[in-house]
Amino acid sequence: MGSGTAFIPPCDNAEPNFPEQWRLYYMSERIKTFSNWPFTEDCACTPEKMAEAGFIHCPSENSPDVVRCFFCLKELEGWQPEDDPMDEHRQHSPSCLFIALKKKAEQLTLSEFLKLDLERVKIEMQKQMNQHIGIFQTRAGEVKKKLEELDADD
Ligand SMILES: [Zn+2]
Numbered sequence: 013m014g015s016g017t018a019f020i021p022p023c024d025n026a027e028p029n030f031p032e033q034w035r036l037y038y039m040s041e042r043i044k045t046f047s048n049w050p051f052t053e054d055c056a057c058t059p060e061k062m063a064e065a066g067f068i069h070c071p072s073e074n075s076p077d078v079v080r081c082f083f084c085l086k087e088l089e090g091w092q093p094e095d096d097p098m099d100e101h102r103q104h105s106p107s108c109l110f111i112a113l114k115k116k117a118e119q120l121t122l123s124e125f126l127k128l129d130l131e132r133v134k135i136e137m138q139k140q141m142n143q144h145i146g147i148f149q150t151r152a153g154e155v156k157k158k159l160e161e162l163d164a165d166d
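Take the sequence shown: its letters are residues 13 to 166, numbered as in the numbering used here.
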């Protein structure tokens, strides 16, 4: 592979051996997540526009329209038909490297791709770490409360 060769081939079916997180670099893979999306016609936030802006649809019972940028992991909900996905993404996550790309992810070279993906992994790990810290702090708070109760019994 020469240095100028695109790493991710532009095709409709992502390389099946790619890990899930890499498959999401394909716009076609992101579009697939919007099969149950309410805004499909006469609006700015169609599945295509959402996917183009890096979003995947990850609805829950209480948040049916929540989407997440597969790269910076920013979650947005409460969409209106006139919302422009790329504008919303820029506004709420201005430092996202995915929306700063000068070319499509499918056109990145291997070294460009790996450099970019390293940043994605860092964001992912930071998020996981923050979740663990949150869980730890909650538990620590509970233990502290119990100890204080014991102390008060004396
Ligand atoms: Zn993003």
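Positions of the beta carbon are idealized from the N, C-alpha and C atoms, including for glycine. Quick caveat: nothing in here was measured; it's all calculated off a predicted structure.
For Leu-36, the CB contacts under 7 Å within the same chain, skipping 5 residues up- and downstream, are Arg-42, Ile-68, Phe-82 in chain order. If you check the C-beta of His-69 against ligand 1, you find no heavy atom less than 7 Å away. With a beta-carbon spacing of about 16 Å, Leu-88 and Lys-139 fall beyond the 8 Å limit used to define contacts. Counting only residues of its own chain and dropping the five nearest sequence neighbours on each side, Pro-93 has a CB closer than 6 Å to the CB of Phe-51, Cys-55. Approximately 6 Å separates the beta-carbon atoms of Met-62 and Val-79; this is inside 8 Å, confirming the contact.
Counting only the Cα atoms, Pro-71 lies some 21 Å from Arg-102. Taken from the Cβ of Cys-57, every heavy atom of ligand 1 lies 7 Å or farther away. Between the C-alpha atoms of Asp-96 and Cys-57 there is a straight-line separation of about 6 Å.
A Cβ-Cβ contact shorter than 8 Å links Ala-65 with Ile-111. Residue burial is scored here from C-beta neighbours: Ser-105 has at least 16 other C-beta atoms within 10 angstroms and is therefore classed as buried.
Across the structure, Ala-117 and Gln-149 are spaced so that their CA atoms are roughly 38 Å apart.
When distances are taken from the beta-carbon of Lys-139 to the heavy atoms of ligand 1, even the shortest one reaches 7 Å or more. Residue list for ligand 1: Gly-66, Cys-81, Phe-83, Cys-84, Lys-86, His-101, Ser-105, Cys-108, Phe-110, Ile-111 (CB closer than 6 Å to any heavy atom, chain order). Annotation: Glu-53 to Cys-108 spans about 28 Å, alpha carbon to alpha carbon.
Taking Thr-45 as the centre and dropping the five residues before and after it, the same chain places the C-beta of Ile-68, His-69 closer than 6 Å to its C-beta, in chain order.
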